[in-house]
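The structure appears below as structure tokens.
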Amino acid sequence: MEERIKALREQMEKRISQIDSKDKLGAFWQDFLGKKGSIADLMKGLGTVAKEARPAMGKVINDFKVEAEEKYRALSGQMDQMELAERNRSEQVDITLPGKKRPLGNLHPLTVVRNEMIGVFAGMGFEVFEGPEIEDDDHNFTRLNVPKDHPSRDMQDTFYLDGDLLLRTQTSGGQIRVMDMQKPPIKVLVPGRVFRSDSDATHSPMFQQMEGLVVDRNITLCDLQGMLDKFVQQIFDANVKTRLRPSYFPFTEPSVEVDVSCFECGGKGCSLCKHTGWIEVLGGGVVHPKVLENCGIDSSVYSGIAFGIGIERITMLKYGINNIGLMFENDLRFLKQFKD
Amino acid sequence: MKVPFSWLKEYVDIDISAEELQEKLFSCGFEVEELIDLGAEVRGVVVGEILSCEKVEGTHLVTCQVNCGQYGNPIQIVTGAPNVYEGMHTPAALDGSVLPGGVKITAKPLKGIPSCGMMCSGEELGLNDDLYPGAEVYGLMDLPKDTVPGTDIREVVGMNDYIFDISVTANRPDCQSILGIAREVAAVLGKELKMPATDYTVSDYMFPGLDITVEAPDLCPRYLGHGVRNITVEESPAWMRRNLALCGLRGISNVVDITNYVLLEIGQPMHAFDMDQLQDKRIIVRRAKSGEKIQTLDEKEFTLTPENLVICDGSRPVALAGIMGGLNSEITEKTTQLLFEAAKFARDNVRRTSRALGQSSDSSARFEKGISEYTTELGMARALHLIQELGCGEITSSAFDCSAGAPREGKRFTASLSRINGILGIEVPAEDVLRILKNLNFDVVRDGDTLTVTAPRYREDIEVGEPDLAEEVIREYGYEHVTPTFLKAAMVTSGGKNPAQLRQDKVKRIMCAEGYSEIITLSFYADADLDALRIPQDAPERNVLRIRNPISANLAIMRPLLAPSMLNIVTENLKKGNNEGRVFELSNVYLPRETGEMPDERLHLGFAAFGDEEDFFTVKGSLEALGQAFGLRFTVERAQDVPYLHPGIAAYLLCEGERIGVFGKLANEVTAELKLHKDSKANHKIFLGEIDYAKMMGHAAASFRYAPVSAFPPVIRDLALTVSEETACGDLMNEIARACPRVSDVELFDIYRGEQVGAGKKSMAFKIRFEPDDKPLTPDDVERFVKKILGNLKFKLGAEIR
Numbered sequence: 002m003e004e005r006i007k008a009l010r011e012q013m014e015k016r017i018s019q020i021d022s023k024d025k026l027g028a029f030w031q032d033f034l035g036k037k038g039s040i041a042d043l044m045k046g047l048g049t050v051a052k053e054a055r056p057a058m059g060k061v062i063n064d065f066k067v068e069a070e071e072k073y074r075a076l077s078g079q080m081d082q083m084e085l086a087e088r089n090r091s092e093q094v095d096i097t098l099p100g101k102k103r104p105l106g107n108l109h110p111l112t113v114v115r116n117e118m119i120g121v122f123a124g125m126g127f128e129v130f131e132g133p134e135i136e137d138d139d140h141n142f143t144r145l146n147v148p149k150d151h152p153s154r155d156m157q158d159t160f161y162l163d164g165d166l167l168l169r170t171q172t173s174g175g176q177i178r179v180m181d182m183q184k185p186p187i188k189v190l191v192p193g194r195v196f197r198s199d200s201d202a203t204h205s206p207m208f209q210q211m212e213g214l215v216v217d218r219n220i221t222l223c224d225l226q227g228m229l230d231k232f233v234q235q236i237f238d239a240n241v242k243t244r245l246r247p248s249y250f251p252f253t254e255p256s257v258e259v260d261v262s263c264f265e266c267g268g269k270g271c272s273l274c275k276h277t278g279w280i281e282v283l284g285g286g287v288v289h290p291k292v293l294e295n296c297g298i299d300s301s302v303y304s305g306i307a308f309g310i311g312i313e314r315i316t317m318l319k320y321g322i323n324n325i326g327l328m329f330e331n332d333l334r335f336l337k338q339f340k341d
Numbered sequence: 085m086k087v088p089f090s091w092l093k094e095y096v097d098i099d100i101s102a103e104e105l106q107e108k109l110f111s112c113g114f115e116v117e118e119l120i121d122l123g124a125e126v127r128g129v130v131v132g133e134i135l136s137c138e139k140v141e142g143t144h145l146v147t148c149q150v151n152c153g154q155y156g157n158p159i160q161i162v163t164g165a166p167n168v169y170e171g172m173h174t175p176a177a178l179d180g181s182v183l184p185g186g187v188k189i190t191a192k193p194l195k196g197i198p199s200c201g202m203m204c205s206g207e208e209l210g211l212n213d214d215l216y217p218g219a220e221v222y223g224l225m226d227l228p229k230d231t232v233p234g235t236d237i238r239e240v241v242g243m244n245d246y247i248f249d250i251s252v253t254a255n256r257p258d259c260q261s262i263l264g265i266a267r268e269v270a271a272v273l274g275k276e277l278k279m280p281a282t283d284y285t286v287s288d289y290m291f292p293g294l295d296i297t298v299e300a301p302d303l304c305p306r307y308l309g310h311g312v313r314n315i316t317v318e319e320s321p322a323w324m325r326r327n328l329a330l331c332g333l334r335g336i337s338n339v340v341d342i343t344n345y346v347l348l349e350i351g352q353p354m355h356a357f358d359m360d361q362l363q364d365k366r367i368i369v370r371r372a373k374s375g376e377k378i379q380t381l382d383e384k385e386f387t388l389t390p391e392n393l394v395i396c397d398g399s400r401p402v403a404l405a406g407i408m409g410g411l412n413s414e415i416t417e418k419t420t421q422l423l424f425e426a427a428k429f430a431r432d433n434v435r436r437t438s439r440a441l442g443q444s445s446d447s448s449a450r451f452e453k454g455i456s457e458y459t460t461e462l463g464m465a466r467a468l469h470l471i472q473e474l475g476c477g478e479i480t481s482s483a484f485d486c487s488a489g490a491p492r493e494g495k496r497f498t499a500s501l502s503r504i505n506g507i508l509g510i511e512v513p514a515e516d517v518l519r520i521l522k523n524l525n526f527d528v529v530r531d532g533d534t535l536t537v538t539a540p541r542y543r544e545d546i547e548v549g550e551p552d553l554a555e556e557v558i559r560e561y562g563y564e565h566v567t568p569t570f571l572k573a574a575m576v577t578s579g580g581k582n583p584a585q586l587r588q589d590k591v592k593r594i595m596c597a598e599g600y601s602e603i604i605t606l607s608f609y610a611d612a613d614l615d616a617l618r619i620p621q622d623a624p625e626r627n628v629l630r631i632r633n634p635i636s637a638n639l640a641i642m643r644p645l646l647a648p649s650m651l652n653i654v655t656e657n658l659k660k661g662n663n664e665g666r667v668f669e670l671s672n673v674y675l676p677r678e679t680g681e682m683p684d685e686r687l688h689l690g691f692a693a694f695g696d697e698e699d700f701f702t703v704k705g706s707l708e709a710l711g712q713a714f715g716l717r718f719t720v721e722r723a724q725d726v727p728y729l730h731p732g733i734a735a736y737l738l739c740e741g742e743r744i745g746v747f748g749k750l751a752n753e754v755t756a757e758l759k760l761h762k763d764s765k766a767n768h769k770i771f772l773g774e775i776d777y778a779k780m781m782g783h784a785a786a787s788f789r790y791a792p793v794s795a796f797p798p799v800i801r802d803l804a805l806t807v808s809e810e811t812a813c814g815d816l817m818n819e820i821a822r823a824c825p826r827v828s829d830v831e832l833f834d835i836y837r838g839e840q841v842g843a844g845k846k847s848m849a850f851k852i853r854f855e856p857d858d859k860p861l862t863p864d865d866v867e868r869f870v871k872k873i874l875g876n877l878k879f880k881l882g883a884e885i886r
């Protein structure tokens, strides 16, 4: 009996070394571990063994069975892995083939920057108001303290429609509409299209402005600068600062031009800042008391600050665009460059 | 405005450099756009004294030994100038020197004779007789004998000077003059202002019968006239011509030069009429008669209207008020007596006339910005003084002053110191406020917090109250004193976009996700753009808002549709070789309303897709995605009457039965006119559409509540139906959905045409999704549903299961 087991073991070792497929593995099971396999035969032969030796021999046979089963399982596992590896190999793809086309559109750079600007001021508590693009003389000029005979009413600057109507030359008219509806405290942005009869590399007959207005008690010129410092730091660079210099707008007094220290060279002077260290970015000032009074706000109690920012100007500065016309040409090769 | 440094120094002792002054001016509100260094282009040119001249035989050349002081004595320079002589002092450009235009002078032999530089004419130095008398002499400049050899030529001929080109803001017309800028310079430097002399003595003579009437005081609030006789018209003195030349004006004659000088110096446009040409010795300032004509000094003729103000003599216009004098009364060499005019004309009238006639001048530019009556008075006095100083005429007693009665003193008001500081947000010491205002010629009396202020007469921009004073104070005190505070006193407010604005952002995001790039186009275009889209002349879109003064005929109407803008951008992109793309714009269109009402500005969503990959259904798919994002279900209706869309490939877009927009393939007739390459497929696949944004959003729910989800899985069934070719897919889908409330989705996944279904028929395969409610769906349920669906389809659309 032991001889038989020994011979079978040798036979088994030999068979195992030859197994290279699931079929052969199956045959191996049949021949050794199946119901009619060699090990079953051994078990049947146990009856011929002396009674007292039976338990010991039974154990030997069982151990052999366990051994064979382990071998089978190990081989089976190996086979599975080989098969999976083969499948994986056959399923392999050229990962450098191009991705499936799924075109993604872009927001226009002016919208990207406009949203960014709104985001900065929204954080300061500014609401957003959009006024009409076609205005009347009253909102665009008169109530903004632009005198009847002021040069900015000139036909060469303003587009006129029939009657009293005109295309707004500034978003400042939005100030009036807001103050007509709302009483202080007011913090509002008025972004939108404005129109002026002007066209060259830095002027377009249509462009976008963003007006800002704060009306409350004890608002000062210092607040204007403090607020705009925060704005330019978030839009351009955390290290920039603003500089005020005198200017003139009929609706603010004092009026200022606001320059930002050059974010390209840090103020040392470069071609962007024309070697001055400063870049003109916007205009603003303390709201003229007449404008407040024109909207029924008591200028002896409340004061305000206002500013107007050219969205094209900021966009051009941010991205180094040197011709405003590009913004309205809408060449896809231009548009596709802007990611928000 | 051009301001020569040397001229400015006649009124203020300036002890800082031009660059430092530029900074000072900038800080107080006068940006110097350009600081022109007159001598910048000349380097290495010195005074040379010619010690000896030796003719070079057989040539026109002369070899000179030249004393150039510390640069060499003598230096040999060869010249071909005919006027050279021994003892002449002349500019010598040394070896390595530079002349205007970047001309470099080096030592090199002429006809074999060594020459260590070049001697120069005035022209070679960029001079003319006005800038330096004698500069236009033919040949070498003959400098005075007291010039020291070796001296830099720029000092000798006045080229060590600067011109400030200053931009003056619209509120400061008083600074449109050398004197005006000098006042600011004196104030910012804290120096005394030396006023130009304005004294003169008059003779007893009066022009008999001379009279001046202003018939339109609204357009001419002040008119001064003064007669001068015994005029000698000749060249004006060098100092006057030089100052004029530095500002870009050539000398003409003493009388004309005086008017120009006063214009530049005082800022008062002056005019001089030849007294002998004034018929009836009359001046009448009135509105022109309709059709009246005038020929101005530059020999242009204009036909006038009552909107134009003219200066007339007894019978005809002799000047276009504030703009230009008439040819008929101009000063000539023969003039012996004249009438000076100094006036204030209404600025908007001058501006309108100037624009309407297309005629402008240095005078009109100043009148448009505004002239104070102080300036008018000062200008007349200065002109008369200059007549006397130049000794070129007798100032008569014929003086006229027509006034509409404006007060002859500056505005007087009280202001509070603390309110000035309250505007600024900083504490400017009272003594600084007083000092600054006094430097700016304000008369100020302080009583505690109260200032009683009288503004200078020329400061017509100053309004009663603190804001203007605050600006005056801070621009002199310095903006660097403003200490930024972050809305220190303001109340906290809630900010950000409102829901409607956020919704627009979402529309843009969805369109981007669908591959559409945002474009921004001009709000105006031309009738031709509507023509290109074949919009009929009687279509409602043709009722547009027109711009009365468009920048060009191409930009003359406010757009009633976005489609033309979309198409223009698509065409431009195709022309540039961008042969595929998707674009959208969310912008206003402008529609007129009844007279007296504000126009309707309606937000439209325009979109276009073009390129080989595009078809009607790629666009439709994107629109469905857009609808889905807002919980909207769009349906379509064939659109055969949209003039710019293909009648077979166009649809109205509907939401809950309301038409909200239109989209489809660009009509072949429109495509044919686009002048694109015919062989490119992309050029024939252009899809356009436009949605009325408000109408679309009118169907979107403002908010929503969650619907419970069934605990049981859905059942999906495929159905292939055979229908006649004319049967629309949408009808089948609607019918399927209507037949059974459990149907939650119907998706077409195949269309088959061929022998198996027979001619004139097609098979359409749908995936139908049945959603269970609170019970699971049994196979029997589904069988029942399918039977119902098939029954309905057969009855209504003749569909058979395949």
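Protein sequence lines, in the order shown, are assigned to chains A and B.
With this note's numbering applied, the first sequence corresponds to residues 2 to 341, in that order.
With this note's numbering applied, the second sequence corresponds to residues 85 to 886, in that order.
Glycine is no exception: its CB is placed at the ideal position from the N, C-alpha and C atoms.
Quick caveat: nothing in here was measured; it's all calculated off a predicted structure.
* Asked: Are there 16 or more other CB atoms within 10 angstroms of the CB of B/V146, so buried, or fewer, so exposed?
  -> Counting from one through the second sequence, the residue named residue 146 of chain B turns up at place 62. That one is buried.
* How many Å lie between B/I368 and B/C396 at the Cα? -> Your numbering for residue 368 of chain B matches position 284 in the second sequence. Your numbering for residue 396 of chain B matches position 312 in the second sequence. Each residue's Cα considered, the two are about 5 Å apart.
* Have a look at A/I119, A/H140, A/D138 and flag the residue whose alpha-carbon is nearest the alpha-carbon of A/F130. => Position 129 of the first sequence holds residue 130 of chain A. Nearest of A/I119, A/H140, A/D138 to A/F130, Cα basis: A/I119.
* Can you give me the Cβ contacts of A/S256 inside the same chain, cut-off strictly under 6 Å, excluding the 5 residues immediately before and after it? => For the purposes of this step, residue 256 of chain A is taken as residue 255 along the first sequence, with counting starting at 1. Within the same chain, A/S256 has close Cβ partners S248, Y249, F250, G286.
* Measure the Cβ-Cβ separation of B/L501 and B/L474 and say whether it is below 8 Å. => As a first step, residue 501 of chain B is located in the second sequence; it is residue number 417 there, counting from the start. As a first step, residue 474 of chain B is located in the second sequence; it is residue number 390 there, counting from the start. Contact flag unset, no.
* Beta-carbon proximity list for B/E685, same chain, < 7 Å, skipping 5 on both sides -> Taking the first residue of the second sequence as 1, we reach residue 685 of chain B at position 601. Once the five neighbours on either side are set aside, the close Cβ partners of B/E685 are N672, Y674.
* Consult DSSP for B/P583 and reduce its assignment to one of helix, strand or coil. => Here residue 583 of chain B is taken as the residue at index 499 of the second sequence, counted from 1. If DSSP states are grouped into helix, strand and coil, B/P583 belongs with the helices.
* Is the Cβ of A/P99 closer than 8 Å to any Cβ of chain B? -> Residue numbering aside, residue 99 of chain A sits at position 98 when the first sequence is read from its first letter. Chain B, which has no Cβ nearer than 8 Å to the Cβ of A/P99, makes this no.
* So, does the CB of A/D217 fall closer than 8 Å to a CB anywhere in chain B? -> Along the first sequence, read from residue 1 onward, the residue named residue 217 of chain A stands at position 216. Judged by the 8 Å Cβ criterion, A/D217 is in contact with chain B.
* Asked: How would you call B/K139, buried or exposed, if buried means at least 16 neighbouring beta carbons within 10 angstroms?
  -> For the purposes of this step, residue 139 of chain B is taken as the residue at position 55 of the second sequence. It counts as exposed.
* Asked: Can you name, in chain order, every residue of its own chain whose Cβ lies under 7 Å from the Cβ of B/E698, other than the five neighbours on each side?
  -> Taking the second sequence and counting its residues from 1, one reaches residue 698 of chain B at position 614. Answer for B/E698: K769, F771, listed in chain order.
* Asked: DSSP on B/Y909, reduced to helix/strand/coil?
  -> Nothing can be reported for residue 909 of chain B, as the shown portion of chain B is limited to 85 through 886.
* Which of helix, strand or coil DSSP assigns to B/I368 -> Mapped onto the second sequence, residue 368 of chain B falls at position 284. Looking at B/I368 - three-state DSSP - the assignment turns out to be strand.
* Asked: Which value, in whole angstroms, describes the spacing of the CA atoms of A/P1 and A/M207?
  -> The question about residue 1 of chain A has no answer, for chain A in this structure spans 2 to 341.
* Does any residue of chain A bring its CB to less than 8 Å from the CB of B/R371? -> Numbered from 1 along the second sequence, position 287 holds the residue referred to as residue 371 of chain B. Output row for B/R371: interface = no.
* **Separation of B/Y345 from B/I98, as counted between CA atoms** => Counting from 1 along the second sequence, the entry for residue 98 of chain B is found at position 14. Counting from 1 along the second sequence, the entry for residue 345 of chain B is found at position 261. Rounded to whole angstroms, B/I98 to B/Y345 spans 22 Å at the Cα level.
* **Which listed residue (B/E457, B/M279, B/T577, B/L411) has its alpha carbon closest to that of B/H469** => Position 385 of the second sequence, counted from the start, is the residue given in the question as residue 469 of chain B. Out of B/E457, B/M279, B/T577, B/L411, B/M279 has the C-alpha closest to the C-alpha of B/H469.
* Asked: For the beta strand (DSSP E) that B/L209 lies in, which residues bound it at each end?
  -> Mapped onto the second sequence, residue 209 of chain B falls at position 125. It is not in any beta strand (DSSP E) - B/L209 carries neither H nor E in the DSSP assignment.
* Asked: So is B/S578 in contact with chain C if we call contact Cβ pairs under 8 Å?
  -> Within the model displayed, chain C is absent; protein chains A and B are what it includes.
* CA-to-CA distance, B/A821 to B/H688, given in whole angstroms -> Start at 1 with the first residue of the second sequence, and residue 688 of chain B comes out as number 604. Start at 1 with the first residue of the second sequence, and residue 821 of chain B comes out as number 737. When rounded, the distance between both Cα atoms is 32 Å.
* Quick one, are the C-beta atoms of B/S887 and B/S251 less than 8 Å apart? -> Any question about residue 887 of chain B goes unanswered here, given that chain B covers just 85 to 886.
* Asked: With a Cβ-Cβ cutoff of 8 Å, do B/E598 and A/G106 count as a contact?
  -> For this step, residue 598 of chain B is matched to residue 514 along the second sequence. For this step, residue 106 of chain A is matched to residue 105 along the first sequence. Their beta carbons are under 8 Å apart, which means B/E598 touches A/G106 by this criterion.
* So with Cβ pairs under 8 Å, would you call A/V287 a contact of chain B? -> Counted from its first residue, the first sequence places residue 287 of chain A at position 286. Yes, contact with chain B.
* If B/C813 sits next to B/M780, beta carbons under 8 Å apart, how far is it from one beta carbon to the other, in whole angstroms? -> As a position in the second sequence, residue 813 of chain B is number 729, starting the count at 1. As a position in the second sequence, residue 780 of chain B is number 696, starting the count at 1. In fact, because the Cβ distance is near 24 Å, the residues do not count as touching under 8 Å.
* Spatially closest choice to B/E461 from B/K522, B/S181, B/A483, by CA coordinates -> Reading the second sequence from its first residue, position 377 is the one you call residue 461 of chain B. For B/E461, the nearest C-alpha among the options comes from B/A483.
* Asked: What is the DSSP secondary structure of B/A488, reduced to helix, strand or coil?
  -> As a first step, residue 488 of chain B must be located in the second sequence, where it is residue number 404. Reduced to three states, the DSSP call for B/A488 is coil.
* Provide the residue(s) that pair with B/E151 in DSSP beta bridges, ordered along the chain. => Locating residue 151 of chain B in the second sequence gives position 67, where the first residue counts as 1. The sequence given here has Asn at residue 151 of chain B, not Glu. Partner(s): B/E133.
* At what residue ranges does the region 609 to 678 of chain B contain a whole run of the alpha helix (DSSP H), taking only runs of 4 or more? -> 611 to 616, 647 to 659
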